[in-house]
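Asker: If you scroll down you'll find the structure; I have some questions about it.
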Amino acid sequence: GDFGTFQRAESMPAGMGWTYHNRKEPNMYRRILVPIDGSHTSALGLAQAIRLAKNQHARLRLVHVVDEFALTQNYDGMALINADELIDALRDSGRQTMARAVALARRHGVKAESAMFESLSGRVSDQILGEAKKWRADLIVMGTHGRRGVNRLVLGSDAEVVLRSTPVPVLLVRSPMRRTPARKKKAG
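Numbering (the working numbering), first residue to last: 11 to 198.
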């Protein structure tokens, strides 16, 4: 009919595996924004975004934000003497991270473009939210834990701000919890 049909997947037992097919309805996500910072969790988010983009025939916009604001803050009254050199190093690292991410997406047959921003006086999340609106993203995919301190560029508390502030759906990808070995009981 006009609204699609239900069909049973052949590999499933009777009564299970029903799927809905609607060839007239376009894919749900066409433009997926992915903030990346080079961390393991960021890479997990990118991997999910690539899978989803491939499934949805969507394109990716990979975003990296160099957080100059965090670097230029003085710590206990001491200014960062080599802040310019450190910011340049972060820019170079960001460019390399973006190039690797774009290449990975393209190897999987996904169209990807990249954009790098610098946050001079605000939160990284503001850059992500602004880009999602400007680019008209249908979905934002990001990790929930990234780097901290000087290395914190995109993820972490910024994921929470993005989640709370955007009208766009957000897929948060968590890193698997590390299991700690069970303690051995002392022989008594």
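Cβ atoms here follow ideal geometry from the backbone N, Cα and C, with glycine treated the same way.
Within this structure, are the beta carbons of residue 55 and residue 44 separated by less than 8 Å?
Answerer: Yes. Within cutoff.
Asker: Leaving out five residues on either side along the sequence, give the residues of the same chain with a beta carbon under 8 Å from the beta carbon of residue 62.
Answerer: Answer for residue 62: 39, 42, 68, 149, 151 and 181, listed in chain order.
Asker: Give the DSSP-derived three-state secondary structure of residue 182 in the structure shown.
Answerer: In this structure, residue 182 counts as strand in the three-state DSSP scheme.
Asker: Return helix, strand or coil for residue 120, following the three-state DSSP convention.
Answerer: Reduced to three states, the DSSP call for residue 120 is coil.
Asker: Taking the DSSP output, what are the residues bridged to residue 77?
Answerer: Its beta-bridge partners are 129.
Asker: Helix or strand or just coil, what does DSSP make of residue 9?
Answerer: An answer regarding residue 9 cannot be provided, because it is not within the stretch 11 to 198 covered by the chain.
Asker: For the beta strand (DSSP E) holding residue 152, just list the boundary residues, first then last.
Answerer: Residues 149-153.
Asker: Do residue 112 and residue 168 have their C-beta atoms closer together than 8 Å?
Answerer: In this structure, residue 168 does not lie closer than 8 Å to residue 112 by Cβ.
Asker: Excluding the five sequence neighbours on either side, which residues of its own chain have a C-beta within less than 6 Å of the C-beta of residue 121, listed in chain order?
Answerer: Closer than 6 Å at the Cβ level, and outside the excluded window around residue 121, lie 69.
Asker: Pull the bridge partners of residue 41 from the DSSP assignment, please.
Answerer: In the DSSP output, where bridge partners are listed per residue, residue 41 has 69.
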